[in-house]
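I have placed the structure first, in the form of structure tokens, so that the comments after it can refer back to it.
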Amino acid sequence: MKPAVFIDRDGTILRFYGYARTPFPPVLIDGASEGIRLLRERGFFVFVITNQSGIGRGLISPEDVEVVNWWMESLLLREGAGIDGVFYSPDPPWIVSKTRKPGTGLIDWITSFYPIDLEHSWIVGDKMDDILLGRNAGIKSCLVLTGEGEKTLRKMRDIDLVFPCLKTFAEFVVEELDGFPT
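Numbering follows the working numbering, with no gaps: position 150 of the sequence shown is 212.
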């Protein structure tokens, strides 16, 4: 078993431009690829988990989401920052959903297929739902100040860790948790 870092997509790895009917070439947020590369080099599983309620709202199609995911993975691979998988919930916020963050359904599903040590795992994102997912799943959470992170910080005070971006979070994990998990 090894730990994982579950990372939000829009606002944490990719700049979010709203719901696009036609997929656009996504843009990586500064520090995202470096952070993912550091975590992978250190031996963490890295998964992207994201709410894509534009599907449930009828604004975008699952194919649109898959194209953006493919672009993101291609950009990350070009930077030497591969990921273990991308998982999303298409559900809109007004329905009860186990897979929509902060529900734990996506993490539950991933852990049924991968040997993950949740005690030493993290969730990283820019929104309140990311932090609440960490609490609901019993894993540590980190808010990044990219995307909507500044706005989230003004709303929430009880957050495990706050960093400017994914890279600074990864540097902390590598330095502070020296010797684990490689």
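In this text, a Cβ means the ideal position worked out from N, Cα and C, and glycines have one as well.
Check each candidate in the options and name the one with the smallest Cα separation from residue i.
i: L101; options: K160, I193, L138, D191; result: L138
i: D72; options: V127, V158, Y176; result: V127
i: W156; options: I172, F175, S115, W171; result: S115
i: A94; options: E125, D188, L215, Y79; result: D188
i: V186; options: G118, Y79, T214; result: T214
i: G80; options: K217, I117, D92, I69; result: I117
i: I193; options: K217, F78, Y176; result: K217
Using C-beta distances below 6 Å, list every residue in its chain close to residue i, excluding the 5 sequence neighbours before and after it, in chain order.
i: D146; result: F107, V108, F109
i: V148; result: V110, N131
i: E96; result: K229
i: P236; result: It should be noted that the sequence gives Val, not Pro, for residue 236. The residues are L100, R104.
Measure the alpha-carbon distance for residue i versus residue j and round it to whole angstroms.
i: E238; j: G120; result: 44 Å
i: C227; j: V158; result: 31 Å
i: R219; j: E210; result: 15 Å
i: I75; j: G142; result: 14 Å
i: L195; j: D153; result: 16 Å
i: D170; j: N113; result: 15 Å
i: R140; j: R99; result: 11 Å
i: E135; j: I178; result: 22 Å
i: M190; j: T161; result: 16 Å
i: R104; j: I122; result: 36 Å
i: D222; j: I69; result: 15 Å
i: T173; j: Y150; result: 15 Å
i: F175; j: G144; result: 18 Å
i: F78; j: E212; result: 15 Å
Considering only DSSP beta bridges, list what residue i is partnered with.
i: C204; result: V186, L223
i: Y81; result: Paired residue(s): none; Y81 is not in a bridge.
i: S151; result: N113
i: I178; result: K64
i: D72; result: L76
i: F107; result: A66
i: L90; result: L76
Hey, would you say the C-beta of residue i is under 7 Å away from at least one heavy atom of the ligand COA?
i: V130; result: As far as ligands go, the structure on display features none, and thus does not contain the ligand COA.
Going along the chain, which residues of its own chain have a beta-carbon closer than 8 Å to the beta-carbon of residue i, five neighbours each way excluded?
i: F225; result: C204, L205, V206, L207, F231, F234
By Cβ distance, which residues of its chain are closer than 7 Å to residue i, with the 5 residues on each side in sequence left out?
i: P87; result: W133
i: L90; result: I75, L76, L137
i: D92; result: C227
i: P124; result: I117, P152
Indicate whether at least one CB of chain B lies closer than 8 Å to the CB of residue i.
i: V108; result: Judged by its chain identifiers, the structure shown contains no chain B, having just a single protein chain.
**OP:** Determine contact between the stretch 156-169 and the stretch 198-205, defined as no fewer than three beta-carbon pairs at a distance below 8 Å.
**Re:** yes
Subject >> Any 3 or more C-beta pairs closer than 8 Å across the stretch 64-75 and the stretch 179-188 >> reply: yes
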